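Each remark here refers to the structure printed beneath this line.
There are 2 protein chains.
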Amino acid sequence: PSTQAIQLATERQQVLTKPPGSLGRLEQLAITLAGLTGSEKPTIDPVRMVIFAGDHGVCSEGISAFPQEVTAQMIANFASGGAAISVMAQALNTSLEVVNLGTVGEVPELPGVRTELIAPSTANLAETPAMDAGQIEAALTSGDNAAQRAHQAGCHLFIGGDMGIGNTTSAAAIASALLGLPPQNLTGPGTGLTSEGLRRKTRVVEKALARHGEDQTPLAVLASLGGFEIAALSGAILGSAARGIPVLIDGFIVSVAALIAVRQQPAIRDWLLFAHRSAEPGHQAVLNAMQAEPLLDLGMRLGEGSGAAVAVPLLRAACTLHNQMASFTDAGVSDQSGDQI
Amino acid sequence: PSTQAIQLATERQQVLTKPPGSLGRLEQLAITLAGLTGSEKPTIDPVRMVIFAGDHGVCSEGISAFPQEVTAQMIANFASGGAAISVMAQALNTSLEVVNLGTVGEVPELPGVRTELIAPSTANLAETPAMDAGQIEAALTSGDNAAQRAHQAGCHLFIGGDMGIGNTTSAAAIASALLGLPPQNLTGPGTGLTSEGLRRKTRVVEKALARHGEDQTPLAVLASLGGFEIAALSGAILGSAARGIPVLIDGFIVSVAALIAVRQQPAIRDWLLFAHRSAEPGHQAVLNAMQAEPLLDLGMRLGEGSGAAVAVPLLRAACTLHNQMASFTDAGVSDQSGDQI
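In order, the protein sequence lines correspond to chains P and E. Mapping the first sequence onto the UniProt record's numbering, position 55 (from 1) lands on 68, and the numbers just tick up by one. Mapping the second sequence onto the UniProt record's numbering, position 42 (from 1) lands on 55, and the numbers just tick up by one.
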């Protein structure tokens with residue numbers, strides 16, 4: 014981050030026609046974005062959204078309320094504009110890419126969908142490592158390539174989204190391994206498990222962690238317990254930060270990908286903004302591990318980057334207020350001292 | 014609210030391509046707006062914002078960090094587009110009216126500012142009733158007229174904003190009287206009092222309440238302890254609800270105006286949506302009294318309707334997702350049962 018831009022933006026906030034501090038978190042947000050974009054008057058536009066999709070072998074354990082074929086079907090729904098994130102991308106006038114990393118169901122060629130297949134799904138992480146070395150490398154590279162495309166397009170904000178039936182099981186396992194917390198604390202109902210389903214899912218995560226063992230390096234955990242889309246998200250977050258693009262982090266899945274990235278390279282934490290607190294119960298522990306206080310708390314738990322999309326207008330408001338409000342001097346308004354300046 | 018529209022919107026939410034409930038509060042927001050606007054597919058646009066401005070006699074007690082002349086100066090800043098709410102109105106593409114109810118400082122004729130003068134300021138509520146019968150009637154009518162104009166313009170959302178140096182003193186006194194809570198619980202730093210200033214302000218509110226006595230009828234409290242802009246806001250809220258226009262409530266000042274309105278006509282509560290939790294400490298008790306859970310909690314405390322403006326995109330997102338997302342059937346996506354429907 015640029016200390017000069019932070020300094021200039023901080024000074025600017027003090028002279029705008031409002032009591033100092035009265036815009037609350039929007040003030041710090043503008044200052045933070047100034048530092049990240051290296052501009053006293055920051056913008057987040059153009060925004061790039063990228064959804065990474067992939068299937069999970071652990072679905073054979075019966076850990077999701079939805080059938081596995083939904084991953085492939087939702088890719089088509091992203092492309093045709095009917096999914097939540099598609100609707101939001103259009104409403105927000107942001108670009109949206111979909112990267113298909115491999116699904117069990119068949120996906121035809123679709124406009125706006127990049128086909129970067131690794132395998133039809135990961136292996137069943139309850140039984141065996143989810144990815145081999147080539148697969149995790151391919152997924153990380155897919156993510157980094159997405160960040161590179163965003164950089165080439167001059168984007169000032171990167172939003173990653175996830176699609177993958179079964180991925181809250183993978184994310185709970187990763188978080189449990191990285192945070193050293195019991196699976197029970199991090200495993201939740203996902204798309205809508207019954208309490209019986211949740212007990213089964215928790216046992217699957219426990220089994221996976223017992224199988225995984227003690228290895229705590231972020232990449233080893235990711236390969237053993239991750240998913241293609243989670244690995245790609247980690248790669249995209251690292252790649253965006255490395256290229257100086259701020260990243261707006263969505264919910265549980267993307268936060269787990271961010272945690273892996275931060276554990277690999279702690280300095281990238283500065284580039285992360287946190288959009289919302291998910292209703293998925295494991296999210297809070299992951300946020301805490303990154304000292305993250307999200308902007309929104311609306312009980313969302315959809316994934317796809319949808320919570321980040323809903324927070325985009327807050328970032329835009331922070332920038333617009335910061336950039337366009339009049340100063341006390343310009344507006345001829347008296348400041349706190351009563352001096353008209 | 015239309016029970017038929019609520020029913021249809023509730024059914025619609027169940028068939029959209031997402032796990033039921035996964036959009037969190039945005040789902041109920043869409044359903045609520047469907048009921049309020051009488052449409053299965055609701056919209057909040059066009060949005061009308063109206064800022065009511067007026068000065069407070071209680072400023073002679075030294076209860077604000079800013080000098081009284083700022084009220085008039087800010088009216089000019091609203092008109093020239095430099096204030097926070099002006100910047101937001103332009104960014105959100107909403108109409109913005111400013112109603113000048115009376116200021117100590119002189120305000121010239123300005124585009125977009127309606128001059129509906131009642132008096133240069135209210136009387137000092139620490140010593141005497143703030144408004145006489147004619148004045149409170151005039152202020153309530155100004156507010157109702159604003160709601161009528163919004164109705165005639167076909168608006169689907171009303172946002173009221175406040176400008177009046179000293180108005181957190183008035184609002185704290187009103188809230189204290191209506192809620193039966195000690196002034197200390199409801200009096201805060203406003204635009205930025207020191208702790209010494211806050212003690213003085215609290216004593217002024219205590220003195221006002223002792224002078225006011227026990228009369229708890231909302232209109233008697235409003236006349237005795239209110240401000241022109243707070244009374245106008247109450248009138249605008251009642252007038253909007255009566256005409257079937259949902260109202261998005263801003264922070265502490267507007268919430269106190271809403272509390273007066275709800276105490277007069279409890280049925281209007283249904284028409285109120287709450288935008289944000291203000292950093293002004295008295296706000297929470299006022300929200301609690303109306304069982305209100307605001308959408309945002311960003312530490313804002315600017316007034317002008319700015320917190321409501323920042324929440325407008327959340328309402329738009331709720332409507333757009335509800336109206337434009339594909340159904341499981343349309344998108345060919347399997348539902349929770351695994352049936353492709």
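Backbone N, C-alpha and C define an ideal beta-carbon position, used for all residues, glycine too. Predicted, not measured: the structure shown is a model, and the values here were computed from it.
At a cut-off of 8 angstroms between C-beta atoms, residue 86 (chain P) counts as an interface residue with respect to chain E. By DSSP's assignment, residue 111 (chain P) forms a beta bridge with P:64 and P:126. Residue nearest to residue 126 (chain E) within the set E:138, E:94 and E:154 is E:94 (criterion: CA-CA distance).
Counting other Cβ atoms within 10 Å of its Cβ, residue 212 (chain E) stays below 16 and is therefore classed as exposed.
Taking 4 residues as the shortest admissible run, the region 222-289 of chain P contains the following complete alpha helix (DSSP H) segments, listed from N- to C-terminal end: 231-238, 241-255 and 265-277. Residue 214 (chain P) has a beta carbon lying at 8 angstroms or more from every beta carbon in chain E. Between residue 243 (chain P) and residue 274 (chain P), the beta carbon gap of about 11 angstroms keeps them out of contact (Cβ cut-off 8 angstroms). When the five nearest sequence neighbours on each side are left out, the beta carbons in the same chain lying within less than 8 angstroms of the beta carbon of residue 313 (chain P) are those of 264, 289, 291, 292, 319, 320 and 323, in order along the chain. Taking all protein chains in view, the Cβ of residue 307 (chain E) is crowded by 16 or more other Cβ atoms within 10 Å, so the residue is classified as buried.
For residue 173 (chain E), the pairing in a beta bridge is given by DSSP as E:63.
Taking every protein chain shown into account, the CB of residue 283 (chain P) has fewer than 16 other CB atoms within 10 angstroms, so this residue is exposed. Where residue 25 (chain E) is concerned, the enclosing alpha helix (DSSP H) starts and stops at 16-28. Less than 8 angstroms separates the beta-carbon of residue 131 (chain E) from that of residue 115 (chain E). Those residues of the region 69-100 of chain P placed with their C-beta closer than 9 angstroms to a C-beta in chain E are 78, 79, 80, 82, 83, 86, 87, 89, 90, 93, 94, 95, 96, 97, 99 and 100, ordered along the chain. With contacts defined by Cβ atoms closer than 8 angstroms, residue 254 (chain E) and residue 238 (chain E) do not form a contacting pair. Listed in chain order, the non-local C-beta contacts of residue 128 (chain E) below 6 angstroms within the same chain comprise 113, local neighbours out to five positions each way being set aside. By DSSP's assignment, residue 340 (chain E) forms a beta bridge with E:29. By the rule that beta-carbons nearer than 8 angstroms mark a contact, residue 247 (chain E) does not touch chain P.
Shown here, residue 309 (chain P) sits in a strand according to DSSP, grouped into three states. Residue burial annotation: residue 146 (chain E) is exposed, with fewer than 16 other C-beta atoms found within 10 angstroms of its C-beta. Counting C-beta atoms within 10 angstroms of its own C-beta, residue 181 (chain E) has 16 or more neighbours from the protein chains shown and is therefore classed as buried.
At a beta-carbon threshold of 7 angstroms, the residues of chain P lying near residue 31 (chain E) are 97 and 315, ordered along the chain. Following the DSSP letters along the chain, one finds residue 131 (chain E) in no alpha helix (DSSP H), marked with neither H nor E. Between residue 38 (chain E) and chain P, the shortest Cβ-Cβ separation is below 8 angstroms. Interface residue (Cβ-Cβ distance to chain E less than 8 angstroms): residue 338 (chain P) is classified as such. Taken atom to atom, the span from the alpha-carbon of residue 345 (chain P) to that of residue 328 (chain E) is near 34 angstroms. One finds 78, 79, 204 and 205 in chain E with Cβ atoms closer than 8 angstroms to the Cβ of residue 349 (chain P), taken in chain order.
Taking a 10 Å sphere around the C-beta of residue 96 (chain P), we find 16 or more other C-beta atoms and assign the residue as buried. Of all residues in the region 221-244 of chain E, none has a C-beta nearer than 7 angstroms to a C-beta of chain P.
Counting only residues of its own chain and dropping the five nearest sequence neighbours on each side, residue 88 (chain E) has a CB closer than 8 angstroms to the CB of 66, 111, 113, 116, 120, 123, 126 and 176. Look at the region 178-225 of chain E and you find these whole runs of alpha helix (DSSP H), each 4 residues long or longer: 180-192, 196-199 and 208-225. Residue 37 (chain P) and residue 172 (chain E) have their C-alpha atoms some 20 angstroms from each other.
The Cβ of residue 133 (chain P) sits no closer than 8 angstroms to any Cβ of chain E.
In the three-state reduction of the DSSP assignment, residue 294 (chain P) falls in the coil class, being assigned neither a helical nor a strand state. Contact of residue 23 (chain P) with chain E is not assigned, every C-beta pair being separated by 8 angstroms or more. Within a 10 Å sphere around the beta-carbon of residue 90 (chain P) sit 16 or more other beta-carbons, which makes this residue buried.
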